[in-house]
Ligand code: FES
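Residue numbers (this note's numbering): 64 to 660.
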């Protein structure tokens, strides 16, 4: 694997941030030098660009468990290029372990990342992420701190294996659990699956949220080309980490900042890659949040218009057939971007120091390869001429039920349900839904539409990944495996079904979702991009006026901060006070001040 980087030798740039800490003739620098020497560093070390390694390693985050080893490889690369690597920890969010939901803590992690980059003597930083929320959180924080930065992710797990078949986390967790609930899979099989699903370190190995956000980081230009899909235990990931360490030093010397890389053009490139991958709906929340830190708006209509003009190319689960190991072998994001080249902004700058076009000029077109190689690639990454679908993987729907929009992953939905009219079956909490879902006497038919309220950013709080509402057991036993489901929640990128998510405004802040009652008729038409509650507007308004507002869930602490400041899904669920404002002279002055304490 060849990783392109700028060919021009890097030159020392303006005054390093580290120099302010170590080389000014005052007592503060004296103290900084003395205490840094306490760790065994000498004067030669202190003259080098300081490269922070922002590490989200945690033993409570299995997806990021290999980041210690990757940090050592990054350090080797930083030293090779003449920098001083200094590793520091930030919050780590393990998707399956954190309560009440990982999304509740993404902004906290982003704040931690931002302030620790800004508050320490770093000339550049390597961001080590992996599990779903750690990648966007680090990009959000790095965008706000705007110190030269490069990302290295943990990489996907190896494919799980069971009775000759590949298993994918957590697409197969859900698939087999549904069958277990339906009574078609035994407890013994579930026990064997549990032992065979997750074979190695790394993040989920289907095109779930972690894989999607890693690919988006690469498409944004914040990761060296090819890095998103290298399997976590593959030695090439260690070599990639070392190369990233070397490149971090060059970025620091050249002063190339995230704000120069993550431009509106770069975000459009990332959205096109998202659609071509059939990637996770969660990117529709995370990308606006990252962009918002730089004062860039990514309206839902932009996602939709780019979906209309971007072909779906990657045959990856949960929408397709293959997993990240095969995607890596097919060439990964660089080959996918090569296919999309005419649709991308080629002049966008990347962490290589080169533009997207310059990076892609080093990728051999699939059509130029020998026939067997072409066939292998085309199994996983289709050509633009013969895509899996002419349009991208996600669509935005609007209407009287979602005036500010909602998201559906069309490539993971049943075609026959994407135009559907049905009776609403409404639940006001996940607990209520779960109890009903196991009730074999539930009044439900396959044509009904399951609706869950109070699962949005404020209502849950934290917008948990519960949008793939469980199919009632009664229907499972009849062989039903999909039905239309609607909520203001998110959904795991590894999940699938005809599922409308992120309904905005959410029910807890008075969106029309709060007005839906069991028996109402809902119409979904994905092609027309419509989602409507077939109830008179005056009646919807009357029901909303009578709505009983739930008491605030928190009286103190981070929870109080969260519910008072979290924005709605179309704005990325960031805190309103963290948005970037290019006209904010006070913050700009703060960013430029001498930050020593
Ligand atoms: Fe971390 Fe799936 S649990 S990526």
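Here a beta-carbon is modelled for each residue, glycine too, at the ideal position from N, C-alpha and C.
The model shown is predicted, which means the values in this text are computed figures rather than measured ones.
Near the ligand FES: residue i beta-carbon under 7 Å from a heavy atom
{"i": "residue 105", "result": "no"}
{"i": "residue 661", "result": "Shown here, the chain extends from 64 to 660; a query on residue 661 therefore has no answer."}
{"i": "residue 195", "result": "yes"}
{"i": "residue 271", "result": "yes"}
{"i": "residue 158", "result": "yes"}
{"i": "residue 236", "result": "no"}
{"i": "residue 232", "result": "yes"}
{"i": "residue 56", "result": "Residue 56 cannot be examined here, being either before or after the span of the chain that is shown, 64 to 660."}
Which residues DSSP lists as bridging residue i, in chain order
{"i": "residue 266", "result": "219"}
{"i": "residue 151", "result": "117"}
{"i": "residue 595", "result": "586"}
{"i": "residue 229", "result": "224"}
{"i": "residue 548", "result": "513 and 562"}
{"i": "residue 482", "result": "588"}
{"i": "residue 579", "result": "Answer is none; residue 579 lacks a bridge partner."}
{"i": "residue 239", "result": "Per DSSP, none; premise fails for residue 239."}
{"i": "residue 444", "result": "377"}
{"i": "residue 412", "result": "418"}
{"i": "residue 385", "result": "379"}
{"i": "residue 638", "result": "629"}
Cβ shell of residue i (< 6 Å), same chain only, five flanking positions each side left out
{"i": "residue 169", "result": "196 and 200"}
{"i": "residue 511", "result": "485, 486 and 488"}
{"i": "residue 136", "result": "301, 304 and 305"}
{"i": "residue 355", "result": "635, 637 and 642"}
{"i": "residue 598", "result": "583"}
{"i": "residue 152", "result": "118"}
{"i": "residue 661", "result": "There is simply no residue 661 to check, as the chain begins at 64 and stops at 660 in what is shown."}
{"i": "residue 81", "result": "113, 184 and 186"}
{"i": "residue 505", "result": "499, 535 and 537"}
{"i": "residue 167", "result": "525"}
Three-way DSSP call (helix, strand, coil) for residue i in this model
{"i": "residue 275", "result": "helix"}
{"i": "residue 214", "result": "strand"}
{"i": "residue 465", "result": "strand"}
{"i": "residue 472", "result": "strand"}
{"i": "residue 90", "result": "helix"}
{"i": "residue 418", "result": "strand"}
{"i": "residue 287", "result": "coil"}
{"i": "residue 188", "result": "strand"}
{"i": "residue 539", "result": "helix"}
{"i": "residue 364", "result": "helix"}
{"i": "residue 490", "result": "strand"}
{"i": "residue 452", "result": "strand"}
{"i": "residue 571", "result": "helix"}
{"i": "residue 97", "result": "helix"}
{"i": "residue 459", "result": "strand"}
{"i": "residue 625", "result": "helix"}
{"i": "residue 160", "result": "coil"}
{"i": "residue 532", "result": "coil"}
{"i": "residue 327", "result": "helix"}
{"i": "residue 200", "result": "helix"}
{"i": "residue 312", "result": "helix"}
{"i": "residue 294", "result": "coil"}
{"i": "residue 248", "result": "coil"}
{"i": "residue 171", "result": "helix"}
8 Å Cβ shell around residue i - same chain, five flanking residues per side excluded
{"i": "residue 480", "result": "545, 546, 547, 561 and 587"}
{"i": "residue 410", "result": "328, 418, 419 and 420"}
{"i": "residue 657", "result": "Low local confidence applies: a pLDDT of 38 at residue 657 is under 50, so the model's placement there is unreliable, and no value is given."}
{"i": "residue 324", "result": "283, 284, 285, 411, 412, 413 and 414"}
{"i": "residue 630", "result": "520, 636, 637, 638 and 639"}
Same chain, Cβ closer than 7 Å to residue i, neighbours up to 5 away in sequence not counted
{"i": "residue 84", "result": "92, 95, 184 and 659"}
{"i": "residue 73", "result": "The predicted model places residue 73 with a pLDDT of 44, which falls under 50 and marks its position as unreliable; any figure quoted below should be read in that light. Cβ neighbours of residue 73 beyond the five flanking positions: 313, 316 and 317."}
{"i": "residue 145", "result": "111 and 312"}
{"i": "residue 346", "result": "275, 276, 279 and 337"}
{"i": "residue 70", "result": "Confidence is the limiting factor: at residue 70 the pLDDT is only 47, short of 50, which leaves the residue's position unreliable, though a coordinate-based value still follows. Excluding residues within five positions, none has a Cβ falling inside 7 Å."}
{"i": "residue 248", "result": "239 and 242"}
{"i": "residue 532", "result": "496, 513, 515, 548 and 550"}
{"i": "residue 391", "result": "292, 293 and 294"}
{"i": "residue 352", "result": "199, 203, 635, 636 and 637"}
Cutoff 8 Å: residue i Cβ touching any chain D Cβ
{"i": "residue 580", "result": "Judged by its chain identifiers, the structure shown contains no chain D, having just a single protein chain."}
Near the ligand FAD: residue i beta-carbon under 7 Å from a heavy atom
{"i": "residue 476", "result": "Here the bound small molecules are the ligand FES; the ligand FAD is not part of this structure."}
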